[in-house]
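S.K.:
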Ligand SMILES: C[S@@+](CC[C@H](N)C(=O)[O-])C[C@H]1O[C@@H](n2cnc3c(N)ncnc32)[C@H](O)[C@@H]1O
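Shown next, in the form of structure tokens:
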């Protein structure tokens, strides 16, 4: 659906700043998602916010992360073979992960896609499937469920884990407790919306900000250390 309509997308949305065009499609980075920013970038985007327009290829994928964060996802995913993302939405970050990871690896994408008003149509899920198809070559395993359910029966080792699902502090801590034991030595966990930065959107009350502070800034987790912080993204590595 998306690949057939890329030129249509360009015509519909016009020239938008902070959009990345690739051979596979277009991604629009944050900050786009306040009405003011959407209008500033393109008045037409305001009318095209619904994921059905991404699925139809009439606008770029709305990533919920910044361009700098996208770059960090690409760098940290590069060459990794077993990658897990919790919280997919339209698939902007999943596209980065699949693009950069090993082509013979496996990308596990976990999201219940439960917020669609028309469950049968579920255009968010369709938009995500359509976007991810266009990037990279690794095998993709979709797990349409909450992360707390997906962990049941999980046994594989993980090279990169991206936590961007339920943003309540307790949920982030639960994802960490459930999933981090499966991360390999020298493997990494990336937390999104987990850092306050100048001009950024998180504030100190954000669940991921509080969880990351508790786990890594106040000495909660041994055997792990922060290796990079980019905008709202915090990357921690398991020591070998
Ligand atoms: C912030 S968005 C993800 C954005 C995406 N990673 C990106 O950068 O473009 C959060 C997503 O997490 C999903 N979600 C919410 N609770 C979840 C849970 N417990 N497990 C997995 N996914 C969850 C929501 O359905 C939503 O699509």
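Numbering (the numbering used here), first residue to last: 1139 to 1378. Glycine included, every Cβ here is placed at the ideal spot set by N, Cα and C.
#1: Mark residue 1267 as exposed unless 16 or more other C-beta atoms lie within 10 angstroms of its C-beta, in which case mark it buried.
#2: For a quick check, are the C-beta atoms of residue 1213 and residue 1167 less than 8 Å apart?
#3: Which word fits residue 1192, buried or exposed, when buried means at least 16 other C-beta atoms lie within 10 angstroms of its C-beta?
#4: Pick out the complete beta strand (DSSP E) segments inside the stretch 1288-1349, 3 residues or longer, and give them in chain order.
#5: According to DSSP, which residues form a beta bridge with residue 1366?
#6: Report the three-state DSSP secondary structure of residue 1231 (helix, strand or coil).
#7: Between which two residues does the alpha helix (DSSP H) carrying residue 1267 extend?
#8: Where does residue 1282 fall in DSSP's three states?
#9: How would you call residue 1346, buried or exposed, if buried means at least 16 neighbouring beta carbons within 10 angstroms?
#10: When DSSP labels each residue in this structure, what does residue 1276 get in the three-state scheme?
#11: So, under 8 Å CB-CB, residue 1350 and residue 1365 are touching, yes? Tell me the CB distance rounded to an integer number of Å.
#12: Is residue 1369 near ligand 1, in the sense that its beta carbon is under 7 Å from a heavy atom of that ligand?
#13: Given this structure, state the Cα-to-Cα distance separating residue 1164 from residue 1198, to the nearest angstrom.
#14: Looking at the strands, I want to know which residues DSSP matches up with residue 1192.
#15: Does the stretch 1292-1301 come into contact with the stretch 1320-1334, if we say contact requires no fewer than three beta-carbon pairs (one atom in each stretch) closer than 8 Å?
#16: How many angstroms separate the CA atom of residue 1273 from the CA atom of residue 1359?
#17: I'd like the list of long-range same chain contacts for residue 1232, defined as Cβ closer than 6 Å, with 5 residues on each side in sequence excluded.
#18: Going by the C-beta, is residue 1252 closer than 7 Å to any heavy atom of ligand 1?
#19: For the beta strand (DSSP E) containing residue 1245, name the first residue and the last one.
#20: Answer yes or no: do residue 1217 and residue 1254 have a C-beta to C-beta separation smaller than 8 Å?
#21: Pick helix, strand or coil for residue 1354, following the three-state DSSP scheme.
M.R.: On the basis of the coordinates in this document:
#1: Residue mapping note: residue 1267 aligns to position 129 of the chain shown, counting from 1. It counts as buried.
#2: Mapped onto the chain shown, residue 1213 falls at position 75. Mapped onto the chain shown, residue 1167 falls at position 29. At the C-beta level, residue 1213 and residue 1167 stay beyond 8 Å of one another.
#3: Walking along the chain shown from the start, residue 1192 turns up at place 54. Sixteen is the threshold: when 16 or more other Cβ atoms of the shown chains lie within 10 Å of the Cβ of residue 1192, as they do, the residue is buried.
#4: Fully enclosed beta strand (DSSP E) runs of 3 or longer: 1296-1301, 1321-1329.
#5: The residue given as residue 1366 occupies position 228 in the chain shown. 1373.
#6: Locating residue 1231 in the chain shown gives position 93, where the first residue counts as 1. When secondary structure is reduced to three states using DSSP, residue 1231 falls in the helix class.
#7: Translated into the one-based positions of the chain shown, residue 1267 becomes position 129. For residue 1267, the uninterrupted alpha helix (DSSP H) segment begins and ends at 1261-1271.
#8: Taking the chain shown and counting its residues from 1, one reaches residue 1282 at position 144. Coil, per DSSP.
#9: Position 208 of the chain shown, counted from the first residue, corresponds to residue 1346. With 16 or more Cβ atoms within 10 Å of its Cβ, residue 1346 is classed as buried.
#10: Translated into positions along the chain shown, residue 1276 becomes position 138. In the displayed model, residue 1276 falls within coil according to three-state DSSP, outside both helix and strand.
#11: Locating residue 1350 in the chain shown gives position 212, counting from the first residue. Locating residue 1365 in the chain shown gives position 227, counting from the first residue. In this structure residue 1350 does not touch residue 1365 by the C-beta definition: roughly 13 Å separates them, more than the 8 Å allowed.
#12: Start at 1 with the first residue of the chain shown, and residue 1369 comes out as number 231. Relative to ligand 1, residue 1369 has its C-beta separated by 7 Å or more from all heavy atoms.
#13: Residue mapping note: residue 1164 aligns to position 26 of the chain shown, counting from 1. Residue mapping note: residue 1198 aligns to position 60 of the chain shown, counting from 1. Cα atoms of residue 1164 and residue 1198: separation of roughly 5 Å, rounded to the nearest angstrom.
#14: For the purposes of this step, residue 1192 is identified with residue 54 of the chain shown, where counting begins at 1. Looking at the DSSP assignment, residue 1192 forms no beta bridge with any residue, so it has no partner.
#15: Judged by pairs of C-beta atoms under 8 Å, the stretch 1292-1301 touches the stretch 1320-1334, as three or more such pairs exist.
#16: Sequence index remark: in the chain shown, residue 1273 carries index 135 (1-based). Sequence index remark: in the chain shown, residue 1359 carries index 221 (1-based). Here the C-alpha atom of residue 1273 lies approximately 34 Å from the C-alpha atom of residue 1359.
#17: For the purposes of this step, residue 1232 is identified with residue 94 of the chain shown, where counting begins at 1. Only 1223, 1226, 1247, 1270 meet the Cβ criterion.
#18: As a working note, residue 1252 is residue 114 in the chain shown. Yes, since a heavy atom of ligand 1 falls inside the 7 Å radius drawn around the Cβ of residue 1252.
#19: Residue numbering aside, residue 1245 sits at position 107 when the chain shown is read from its first letter. Going by DSSP, residue 1245 is part of the beta strand (DSSP E) stretching over 1244-1248.
#20: Here the question's residue 1217 lines up with position 79 in the chain shown. Here the question's residue 1254 lines up with position 116 in the chain shown. No; because the gap between Cβ atoms is not below 8 Å, this pair is not in contact.
#21: Numbered from 1 along the chain shown, position 216 holds the residue referred to as residue 1354. In this structure, residue 1354 counts as helix in the three-state DSSP scheme.
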